[in-house]
Every structure is written in structure tokens, then in C-alpha cells.
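Residue numbering for the sequence shown follows the working numbering, beginning at 885 and increasing consecutively. Note that the Cβ used here is the ideal one computed from N, Cα and C, for glycine as well. Each remark here refers to the structure printed beneath this line.
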Amino acid sequence: MASAGHHGDLRAEAQLASAHPGLVLLALAMGGFAIGTTEFATMSLLPYFAQGLGIDEPTAGHVISAYALGVVVGAPVIAVLAARVARRTLLIGLMAVFAAANVASAFSPSYGWMLAFRFMSGLPHGAYFGVAALVAASLVPPQRRAQAVARTMLGLTVATVIGVPMANWIGQVLGWRWGFGVVGLLALLTVVLVWIFAPNDRPHPDASPLRELGALKRRQVWLTLGIGAIGFGGMFAVYTYVASTLMEVTQVSPAMVPVVLAVFGSGMTVGTLVSAWAADRALMPTVAFTLLWSAGSLALYPFAAGNVWLVSIVVFMIGCGGGLGTPLQARLMDVAEDAQTLAAALNHSAFNAANALGPWLGGMAIAAGWGWTSTGWVGAALALGGLAVWAVALLDDRATASRAASRAAESRESESRESEARLAEACAGD
885 MASAGHHGDL RAEAQLASAH PGLVLLALAM GGFAIGTTEF ATMSLLPYFA
935 QGLGIDEPTA GHVISAYALG VVVGAPVIAV LAARVARRTL LIGLMAVFAA
985 ANVASAFSPS YGWMLAFRFM SGLPHGAYFG VAALVAASLV PPQRRAQAVA
1035 RTMLGLTVAT VIGVPMANWI GQVLGWRWGF GVVGLLALLT VVLVWIFAPN
1085 DRPHPDASPL RELGALKRRQ VWLTLGIGAI GFGGMFAVYT YVASTLMEVT
1135 QVSPAMVPVV LAVFGSGMTV GTLVSAWAAD RALMPTVAFT LLWSAGSLAL
1185 YPFAAGNVWL VSIVVFMIGC GGGLGTPLQA RLMDVAEDAQ TLAAALNHSA
1235 FNAANALGPW LGGMAIAAGW GWTSTGWVGA ALALGGLAVW AVALLDDRAT
1285 ASRAASRAAE SRESESRESE ARLAEACAGD
């Protein structure tokens, strides 16, 4: 568990908070809305920008992987290099870069430039969510931190309900470039809101790149990241190709695609709220249940894809599995000790490793001729892989606790023997 000293740090930070913490969370969630819109809308716009850039759809999937790679690289590098930067200043800077990169994506003249600009767009993603989660947690008592983080993450999940269908609709009506342009405007709005509402803070006096890098020495940090990197890949394996599956297999009209995407987003919103509530009560069991839910839902996808009503229900269920992020974020707060910023940012590197892994494996299955629905089987296998890592983490945690208990018992026994020896010496002296 997190140390008492760390909780004390959070309470101290809470004194810096605005008199309106709800507005702080709203400002942070707006950034999540912008990021969620571009992350998921890029997948839904894949058929359109593939055609616009003159490439096939599996190749266009590399654009999504480029964004994910940007997140994986940017999160740790920025978290370490900006260790001494005030969180409010860092959030504003990250959103400004994110806005510029998305506007540049809208003007991409070729596939190569699109890859470069999507990579740049991904760089601020993980660090923004990591820092935003820490700010959100600083506004509430420790026992409610998962729910505070979830309120920040709701920006992302609401994006899958409103932002992604909006961007998909704009992409169909005005062209895919406008989908990225709108994200740039949302990011600029976030800059303004964070500047107005986020608390003025100062970095911790002991903050340093070396202290943040200490997170990499902790085995439980790596195991927690592994759960997300593998387990979350299942959802992305399906979601990346869901628009193509709906049109090719389910044979719905293009106008129906945003509706199903909104259904997915509704499931993700419900999953985020429920998993946050459960994580504040039973953290590791919540992670396991979410992974099992995802595996079952993804396995149903190939059987439901032929009917629009059935596939909508299953897509909702798959979306609920997106609630995995919040309990893993809370878990990292427990195991990262004094390297909170890097660990929080790495959580989103892990998810975007999943964002790269899932579409890549799903694309391989499709290219091998197994059909669009084969992504469901790929996704189920990845969710079960995440569950296997969770089991290793749980066993390691229990072994560590057992060793600590044994050392404590040995220490008490040693102190008892020393006390008895001193008492015997005193009696002999008498």
C-alpha cells in the first residue's frame, strides 16, 4: 500500500486546490475528451484517410500504431525530464503541443507525414493523463482517489460516446481532415480551462529525474504495466477494425457506424464508473473481474457480428472492459512509492503499447485471411494474457507480504530473546 508519508503529501497538495474542485476535474476531463476523441476517432476514420492518402486499410493501421508509439515514448521521457516542473504548467504545455500536432495531422500531404504527425500527437498523451490523475487524486481523501481519477478519465469515455461519433460524422460529411482539426480546437479549449481552474502548485522540493526513475526498480510497477499492455490490447484489436467489420460483415450503412461507436462509448463510461467504485473497495479483484469480462465479451464478438442488434450489445460489453484503466492507475499509486509521476504516465504508455499490439495482431489475423471477425479471438487471447500477468503480480505480492511478515516475526522473536537475556543477567546480578 502507499506510505502514510505519501498520503500526507497528497493532503498537502490538496491545500493548493481550487475552491471549486469540480471545475478542476472538468478542466482535466476536457483534455481527456480531446485525447479520447483523436485516439478512437482515428480508428473509426481509418477507411476514409486510407482512401484519401492512397493506402490500403492494414497499412493505414500503422498510423494508429505510430500514435501509440508516441505515447509509449513520450510518457516516460516527459515525466522524467519534467520532474521539477509545476503540474499546472506541465498540463498547459502538453495540451498546447497536442493541439499543434493534431492541426498538423489535418494538413498531412502524404502517408509519411501522417505517420510523423500522429507520432508527435501521441507524445503528450501519457504524461497528460498521468499528471492529471495525480492532480485529481490530490483533491480528495485517499479512499476516494480511484473515483476522482475516474472523473478525469470520463473525458475520454464521453469522447467515445460524443466526440468519436461527431468526428466520424464530420469525417464523412466534410472530410477526414476536419476530424483532426476539431481535436486541435478541443485541445486549445483545454489549455484555457486548465489555465483558469487548475491550482497553482509548486513541484516537490525533492523532485528529480533520478527519483522518478526509481519506479523502474520496482517489480510490481512492471507487472502492473504488463497487465495493461497485454490485457487492454484485446479491446483495441476489435475496436480498430469495428467500422470496417460493420460495413463488410454486418453490412450496415455508413450512417449506422457512429451509432454503434456511441454504444461502445456508453459501455466504456459505465465500465469506468463501476470499476472505480469497486476499485476503492477491492482493487486487485476488480482488475481480475474486468479482464475476465473482457475475455468473455471479445469471444462473443465473432458470433454476434452478423446481426446489428447483437453486435451492438456485444460492443457495449466490450466497451465496459475499458474500465480497466482506473483500477490499474490506483494500483500504480500504491506500488510506485515516491516515483508517482513516472508510474502514472507509464500506465498510459502501457495502454498504448496495447493500442499498438492489438491492431497489429488483429491486422495480421485479417491479412492471413481469417476474416474481420477474427479480431474477437485475438482480443480474447490478449485479455487472458493480461489475466495471467495479474496472477503473477498477485502471487508476487503475497510472497513479498509473507517475507515481510516472517522478517517482522523474527525481529520480534529476537527482541524477546534479548529482553529475556537482559532479565536473566539482572537476576544473576541480584
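Under the rule that 16 or more other beta-carbon atoms within 10 Å means buried, what is residue i, buried or exposed?
i	result
His1232	buried
Ala944	buried
Glu1302	exposed
Met1164	Note that residue 1164 is Asp in the sequence shown, not Met. Classification of Asp1164: buried, given that the 10 Å Cβ count is 16 or more.
Arg1215	buried
Asn1084	exposed
Phe924	buried
Ala1292	exposed
Ser1290	exposed
Ala918	buried
Ala1166	exposed
Trp1182	The question names Trp, but residue 1182 in the sequence shown is Leu. Per the 10 Å Cβ criterion, buried.
Arg1029	buried
Leu1058	exposed
Gly1151	buried
His904	exposed
Ser1298	exposed
Give a yes or no on whether the C-beta atoms belonging to residue i and residue j are separated by under 8 Å.
i	j	result
Thr1108	Ala1277	yes
Gly1255	Pro942	no
Thr1156	Gly915	no
Ala911	Leu1226	no
Gln1031	Ala1160	yes
Pro1008	Leu1230	no
Val1015	Leu975	yes
Leu929	Ala1051	yes
Ala990	Gly938	no
Ala1251	Ser1258	no
Tyr1185	Gly1260	yes
Pro1093	Leu965	yes
Thr1124	Gly996	no
Ala1020	Leu909	yes
Met1119	Gly1253	no
Val852	Arg972	Since the first residue shown for the chain is 885 and the last is 1314, residue 852 is missing from the structure and cannot be characterised.
Tell me whether residue i sits in a helix, a strand or coil according to DSSP, three-state version.
i	result
Asn1231	helix
Tyr1125	coil
Glu1221	coil
Phe1116	coil
Gly1190	coil
Leu1212	helix
His946	helix
Asn1084	coil
Thr1257	coil
Gln935	helix
Ser1137	coil
Val1024	coil
Pro960	helix
His904	coil
Val969	coil
Asp1281	helix
Arg1102	coil
Arg1287	helix
In chain order, what residues of the same chain have a beta carbon less than 7 Å from the beta carbon of residue i, not counting five sequence neighbours either side?
i	result
Val1154	Cys1204
Ala1017	Val1033, Thr1036, Gln1213, Ala1228
Ala1162	Thr1170
Pro1142	Pro1049, Asn1052, Trp1053
Arg1306	none
Val955	Gly1006, His1009, Gly1010, His1232, Ser1233, Asn1236
Asn986	Thr922, Ser1005, Phe1064, Val1067, Gly1068, Ala1071
Arg1086	Ala970
Ala1275	none
Val1219	Arg1102, Gln1104, Val1105, Thr1108
Take residue i and list the residues in its own chain whose beta-carbon comes closer than 8 Å to its own, dropping the five residues that flank it on each side.
i	result
Val1144	Val1126, Leu1130, Val1136, Val1192, Val1195, Ser1196, Val1199
Val1273	Leu1107, Gly1110, Ile1111, Ile1114, Gly1115
Leu999	His946, Val947, Ala950
Leu1245	Gly1117, Ala1121, Val1262, Leu1266
Ala1188	Leu1194, Val1195, Ile1197, Val1198
Gln1027	Asp1164
Asp1280	Arg1103, Gln1104, Leu1107
Gly920	Gly1039, Leu1040, Thr1041, Val1042, Ala1043, Thr1044, Gly1047, Val1048
Gly889	Legend: pLDDT at Gly889 = 42, less than 50; position of this residue unreliable, no value from coordinates given.
Val1147	Ser1196, Val1199, Phe1200, Gly1203
Enumerate in chain order the residues of its own chain whose CB-to-CB distance from residue i is below 6 Å, with the five nearest sequence positions on each side excluded.
i	result
Ala952	Asn1236, Asn1239, Ala1240
Ala1179	Ala1264, Ala1267, Leu1268
Arg1296	none
Tyr932	Gly1055, Trp1060
Phe982	Pro1008, Ala1071
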